[in-house]
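As structure tokens, the structure follows; a few thoughts come after it.
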Amino acid sequence: MAEMSIVDQVSHSTVRIECSLPGGKTSIGTGFFYNFKRTTDSRVPVIITNKHVIHRALTGTLVFTLAGPDGTPDYGRKHIFKVTDFASCWKPHPDDSIDLCAMPVSPIIKQASEKGLKPFFTHLDSSFLPKDSEIEDLKSLEEVTMVGYPSGLWDRVNNLPIFRRGILATSYARDWNGKKEFLIDAACFPGSSGSPVMLVNLGSYRVGTTINIGSRVKLLGVLYAGPQYTVTGEVSVVDIPVVQKPISVTAIPTNLGVVIKAHLIEDFDGVFK
1 MAEMSIVDQV SHSTVRIECS LPGGKTSIGT GFFYNFKRTT DSRVPVIITN
51 KHVIHRALTG TLVFTLAGPD GTPDYGRKHI FKVTDFASCW KPHPDDSIDL
101 CAMPVSPIIK QASEKGLKPF FTHLDSSFLP KDSEIEDLKS LEEVTMVGYP
151 SGLWDRVNNL PIFRRGILAT SYARDWNGKK EFLIDAACFP GSSGSPVMLV
201 NLGSYRVGTT INIGSRVKLL GVLYAGPQYT VTGEVSVVDI PVVQKPISVT
251 AIPTNLGVVI KAHLIEDFDG VFK
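Going by the working numbering, the letters in the sequence shown line up with residues 1 to 273, in that order.
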């Protein structure tokens, strides 16, 4: 298989999650593929998203791009998987206060294989998490990339997500208000819940005052909430919506997003042993 560009690899690491809810409603969120390493040759592939994305979901719809004969993505050729009793397929994060959940991908791959289909996707893993030595250098104003399906939008023909850029609004090395979270300054629309927030630097990147030649991809966290102003002028933090609806003037978004730090994903490792 021909080597893919960094942007293409990141593009194929996400999946659009569409849920049917009681009352005939539909919600949309973002998930991404993550591998837990077992041995040198053994992996457990899962999809990571927020618990509130799949909450009360009756049926889930996932769209996978299919691989061509050479193993590369066959753009425009895709398969829709409908998963019943969708909410029960997900394992919650071991800490109930963390808005993350994970679903194994193996059953979907097996189902596709039985139909003679091979889904194409790329995955993130622990090698994409920032090392301790790198975390201290991640200050506010660092440019970040968020990948997902804001307002449910996507390239439905090629099954590709939308990239958005923003900056770190707080220091990544410090825990925002004592939680394993940080803030980004970016427009966070419904459908963005579960989006991976990453460093995606192409060609060169700055660390402190040093310019490094080369590219860098790091998974910093998972978007889940955003502060909003209320009619009384107070600021409350609410989950990024998954259902499209008019925004009341009594709840005004601040264009800030609250992001769960990525290393908390590794807590699932014990869940899937």
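Quick reminder that beta carbons are idealized off the backbone N, C-alpha and C, glycines included.
Could you spell out where the alpha helix (DSSP H) holding A112 opens and where it closes?
106-114
So within the segment 83-160, which uninterrupted alpha helix (DSSP H) runs reach at least 4 residues, ignoring any that extend past its ends?
106-114, 132-135
E142 and R165 - do their beta-carbons sit closer together than 8 Å?
no
Which value, in whole angstroms, describes the spacing of the CA atoms of L66 and T72?
9 Å
Hey, could you find the ends of the alpha helix (DSSP H) V10 is sitting in?
6-11
Delimiting residues of the alpha helix (DSSP H) encompassing K51
51-54
Check whether chain B comes within 8 Å of L264, counting only Cβ atoms and requiring the distance to be less than that.
No chain B is part of this structure, which consists of one protein chain only.
Can you check DSSP and say which residues form a bridge with I17?
G29, L62
Pairwise C-alpha distance: H55 and P92
11 Å
Give me the DSSP bridge partner(s) of D185.
I167, L256
Out of T14, K51, D185, which one is the CA nearest neighbour of C89?
K51
Exposed unless 16 or more other CB atoms sit within 10 angstroms - verdict on P22:
exposed
State buried or exposed for P94, treating a residue as buried only when at least 16 other CB atoms are found within 10 Å of its CB.
exposed
Three CB pairs or more closer than 8 Å across the segment 207-215 and the segment 172-184:
no
Take K82 as the anchor and find which of V10, T59, G270, V258 has the nearest alpha-carbon.
T59
Round the Cβ separation of V200 and L220 to the nearest angstrom and send it over; I've been treating them as touching at under 8 Å.
Not quite, the Cβ-Cβ distance comes to about 10 Å (not below 8 Å), so this is no contact.
Three-state class that DSSP yields for P190 in the structure shown
coil
Output the boundary residues of the beta strand (DSSP E) element that contains P196.
196-201
How should P107 be labelled, buried or exposed, when 16 other C-beta atoms within 10 angstroms of its C-beta is the threshold for buried?
exposed
In its own chain, which residues sit with a C-beta less than 8 Å from the C-beta of F272, not counting the 5 before and 5 after it?
F36, V44, V46, K91, A102, P104
Does the beta-carbon of P246 have 16 or more other beta-carbons within 10 angstroms, so that it is buried, or is it exposed?
Note that P246 scores a pLDDT of 45, beneath 50, so its modelled location is shaky; the value from the coordinates is reported in the next line. By the 10 Å Cβ count, P246 comes out exposed.
Residue range of the beta strand (DSSP E) that V207 falls in?
204-207
Below 8 Å between beta carbons: does that hold for I6 and L264?
no
Would the segment 144-164 count as touching the segment 112-131 if we require 3 or more Cβ pairs under 8 Å?
no
Taking the alpha-carbon of G148 as reference, which of A186, E114, E266, K131 has the nearest alpha-carbon?
A186
If contacts are defined as beta-carbon pairs under 8 Å, then I260 and K180 qualify, I think. What distance do you get, rounded to the angstrom?
7 Å
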